[in-house]
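Those sequence lines, one after another, are chains A and B.
Note that the working numbering has the first sequence beginning at -12, numbered continuously upward.
Note that the working numbering has the second sequence beginning at 139, numbered continuously upward.
Yeah, the Cβ is synthetic: ideal placement off N, Cα and C, and Gly gets one too.
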Amino acid sequence: MTAAARAFLASAIVQVRTQGSKLLVVAGIVQPAAFLAITLMARGRGGHVDPAELALGMALVGLWGTTIWQTGLVLNGERSLGTLALVLSRPASFAVVLAGKAVGSTLRAVVFVVPTVAVASALAGKPIPARSPLAFAGAALAVVASASVFGMLLGCLFVLTRSAIRIAEAATYPVFILGGLVVPLSLLPRGVRPLADAVSLHWGAELLHAASAGTPQPGRAWLLLAATTAVYGVAAALLFNRMVDRGRRTGSLELF
Amino acid sequence: VADARAASSSSRPSRPQPVLDAYRLAAQLAIRNYRVQFPRGVILLSVLPRVVLQVSFLSYLGYYANGRDGRTFAFVGAAAQIMAIATVAKGADTILDERVQDTLYRVRLGMLPLPAIVAARWLVYTLEGFCMALTAVLLLAVPFGGVHLLLRLLAAAPIFALLALTTSAFGLAVGSFALTQRLDVLITNFAMYSLLLLCGAVAPISAFGTVGEWLVRLVPITNGLLAVRHVVGGGPWLGDVLLEVVVGSAWLGLGVALLVWQDRHARRTGADQLL
């Protein structure tokens, strides 16, 4: 195993072991479960809610919430613990460490989110089907990878500002709505629908729904999931370099 | 000695500080603290967008679940429930921060009762909650229900003000309970989402069944929201308003009782933070 792979793995393990769970419980369990319950209770003649589809959408809502509140705040956590500069000055690439931490944080979130929606949909009488298990697993892995990359982007953005928590508070709902994770895009005003194209989880949701229903995987969704994730990755790299450069130049890495 | 006495008497206030002035000072300091935590930029770029987006999301959940009627129903509920962010989650920090900063014992040792100081500090979040609801109504009532809905909801503004007070009372009880727990973040957020689930914001409370319907009336917002819906629909609303007052008063009593009990317990056992 190469040094980079070892650093990646160690960072992921440390993140899984040390990250707090309070916000994870809120974003990964309480919030999606509450949204799922109120939507199921509100079902009426005017709606077309499929509990399994809804639960799958809520899983992505939970994943997005935890990406913001957990993965996005990884670097802020390092700074508040006073370990950011220490990690940065080690021989291992900080980008590799950050990537490991982002993946560890996202996987940890998955452990909270998936059982929540699985149990909730089963209780609602319609468990989430996986009619194409291989395609479903592949799409789920791609979604987790994309969420990790987006978490890295958020982490580099949040560490540049004092208002990270405030940004996080406002940043959850645009993707809930515009990503079409739960509410079909056809219900939104026409003018805002194209914005969903920029949200990788929207394409991830399309893939998961297709695999769940057993229909062929849409190639366009795979392509756009890869493209949006790549754009997030490039933006994360740019922000990351800027953050490190600014911290080194002004000696403000540890200052808040 | 005479000089010392003169200096002492001159440094003393000309009249004893009235209790009301002390409360006013506590409220003013809370406003100053709020402005530091939430400067104009944060309000414009975070608080305001969250109000619009959260209420929109819940309204669209209602749309998805029950068509246009569901959307209007959920919008009215979401516009009322949005205030819990300020009155429950943020407001609780007024007391939880004292514990974090290890200053709670100083407030407890003061001459003014802790519940009264906490209540004075809470007012800024009560006001914020009311403004959040009003903002949601002003910006979103027309797209989600038309001009008629906007006018009816504006007529119900005093009920929204009452809801800001009753949810603050609920927040006080939740914050007082969370004060002695290590899971304060989880508790306040759990309380906020429980309100969303139970108060009939997106789904009507009839979904809970006959017994459940009466049980959820013990939760703040539920009765007041029914009153708002009656104002919108032209039905009798006074009974539900009175029930909301009773429920809010009960939560206030519970919150004050918890704080008083914790104060006595802390003095008796010396376990100031009660962790």
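Given a threshold of 16 other Cβ atoms within 10 Å of its Cβ, counted over all protein chains shown, does residue i qualify as buried or as exposed?
i, result
"B:A145", "The predicted model places B:A145 with a pLDDT of 47, which falls under 50 and marks its position as unreliable, so this point remains unresolved."
"B:L234", "buried"
"A:N63", "buried"
"A:V98", "exposed"
"B:W352", "exposed"
"A:P120", "exposed"
"A:P19", "buried"
"A:T202", "exposed"
"A:S255", "The question about residue 255 of chain A has no answer here: the residues shown for chain A are numbered -12 through 243."
"B:D378", "buried"
"B:R162", "exposed"
"A:G238", "exposed"
"B:A142", "Residue placement at B:A142 is poorly supported in this model, since its pLDDT is 44, which falls under 50; the coordinates are not used for a value here."
"A:Q57", "buried"
"A:G44", "buried"
"B:R406", "exposed"
"A:S80", "exposed"
"A:L226", "buried"
"B:S184", "buried"
"A:A124", "exposed"
"B:S148", "Confidence in B:S148 is poor, its pLDDT being 49 and thus under 50, which makes the residue's placement too unreliable to answer from."
"B:R150", "At B:R150 the pLDDT is 49, less than 50, meaning the model places this residue with poor confidence; the figure from the coordinates comes in the next sentence. B:R150 should be labelled exposed."
Are the CB atoms of residue i and residue j nearer to each other than 8 Å?
i, j, result
"A:V136", "A:T216", "yes"
"B:L397", "B:P253", "yes"
"A:W51", "A:L140", "no"
"B:A316", "B:A258", "no"
"A:A96", "A:G15", "yes"
"A:G59", "A:V3", "no"
"A:V48", "B:Y202", "no"
"B:G408", "B:E382", "no"
"B:G309", "B:T225", "yes"
"A:I25", "B:L335", "yes"
"A:I55", "A:A222", "no"
"A:V17", "B:F195", "no"
"A:V170", "B:L199", "yes"
"B:S314", "B:Q400", "yes"
List the residues of chain B whose Cβ lies closer than 7 Å to the Cβ of residue i, in chain order.
i, result
"A:M28", "A341 and A345"
"A:Q18", "Y331"
"A:V98", "Correct list: empty, because the minimum Cβ distance to chain B is about 17 Å."
"A:E156", "S184 and R188"
"A:I164", "L191, S194, F195 and Y198"
"A:R153", "V180 and S184"
"A:A21", "Y331, L334 and L335"
"A:G33", "N204, G205, R206, D207 and G208"
"A:P245", "Nothing can be reported for residue 245 of chain A, as the shown portion of chain A is limited to -12 through 243."
What does residue i reach in chain A if we use C-beta pairs closer than 7 Å?
i, result
"B:N327", "V13 and V17"
Are there any heavy atoms of the ligand MG lying less than 7 Å away from the beta-carbon of residue i, as far as the coordinates show?
i, result
"B:A274", "The ligand MG is absent from the structure shown, which contains no ligand whatsoever."
From what residue to what residue does the alpha helix (DSSP H) around residue i run?
i, result
"B:V349", "G347 to L353"
"A:F145", "P120 to F145"
"B:H368", "T360 to G371"
"B:Q239", "Run containing B:Q239: none; DSSP gives neither H nor E here."
"A:F99", "F81 to L110"
"A:M45", "P38 to W56"
"B:G309", "A295 to A316"
"A:D232", "G206 to T237"
"B:C269", "L252 to G283"
"B:A217", "L186 to Q219"
"B:W126", "Only positions 139 to 413 of chain B appear in the structure, and residue 126 of chain B is not among them; the question remains open."
"A:E156", "A151 to L165"
"A:K9", "K9 to V12"
"A:E193", "S187 to A200"
"A:S76", "Unbroken run through A:S76: none, as it is neither H nor E."
"B:Q175", "V157 to Q175"
"A:V18", "It should be pointed out that residue 18 of chain A corresponds to Gln in this sequence rather than to Val. Segment Q18 to M28, the alpha helix (DSSP H) holding A:Q18."
Counting only Cβ pairs nearer than 8 Å, list the residues of chain B close to residue i.
i, result
"A:K9", "L321, V323 and L324"
"A:E259", "Not covered by the structure: residue 259 of chain A. The range shown for chain A is -12 to 243."
"A:P171", "Y202"
Taking C-beta pairs closer than 9 Å, name the residues in chain A that residue i reaches, listed in chain order.
i, result
"B:A212", "I25 and A29"
Quick one: list the residues of chain B neighbouring residue i, beta-carbon separation under 9 Å, in chain order.
i, result
"A:V36", "Y202, A203 and N204"
"A:Y219", "Ordered by position in chain B, no residue passes the 9 Å Cβ test against A:Y219, which lies about 21 Å from the chain."
"A:L174", "Y198, Y201, Y202 and R209"
Any 3 or more C-beta pairs closer than 8 Å across the segment 300 to 313 of chain B and the segment 381 to 389 of chain B:
Output reads yes: the segment 381 to 389 of chain B touches the segment 300 to 313 of chain B.
Using 8 Å as the threshold, is the segment 99 to 117 of chain A in touch with the segment 171 to 185 of chain A, meaning 3 or more CB pairs across them?
A contact between stretches requires three or more CB pairs, one per stretch, nearer than 8 Å, and the segment 99 to 117 of chain A fails this requirement with the segment 171 to 185 of chain A.
Quick one: any contact between the segment 21 to 33 of chain A and the segment 207 to 225 of chain B, if contact means 3 or more CB pairs under 8 Å?
Enough Cβ pairs lie closer than 8 Å, so yes.
Indicate whether the contact test is met: 3 or more Cβ pairs, each with one atom in the segment 330 to 349 of chain B and one in the segment 313 to 322 of chain B, closer than 8 Å.
The segment 330 to 349 of chain B is not in contact with the segment 313 to 322 of chain B.
Does the segment 217 to 227 of chain B come close enough to the segment 266 to 282 of chain B that 3 or more CB-CB pairs lie under 8 Å?
Between the segment 266 to 282 of chain B and the segment 217 to 227 of chain B, the count of C-beta pairs closer than 8 Å reaches three or more; the two stretches touch.
Does the segment 224 to 238 of chain A come within contact of the segment 142 to 157 of chain A, defined as at least 3 CB pairs closer than 8 Å?
Taking 8 Å as the limit for Cβ pairs, the verdict is that the segment 142 to 157 of chain A does touch the segment 224 to 238 of chain A.
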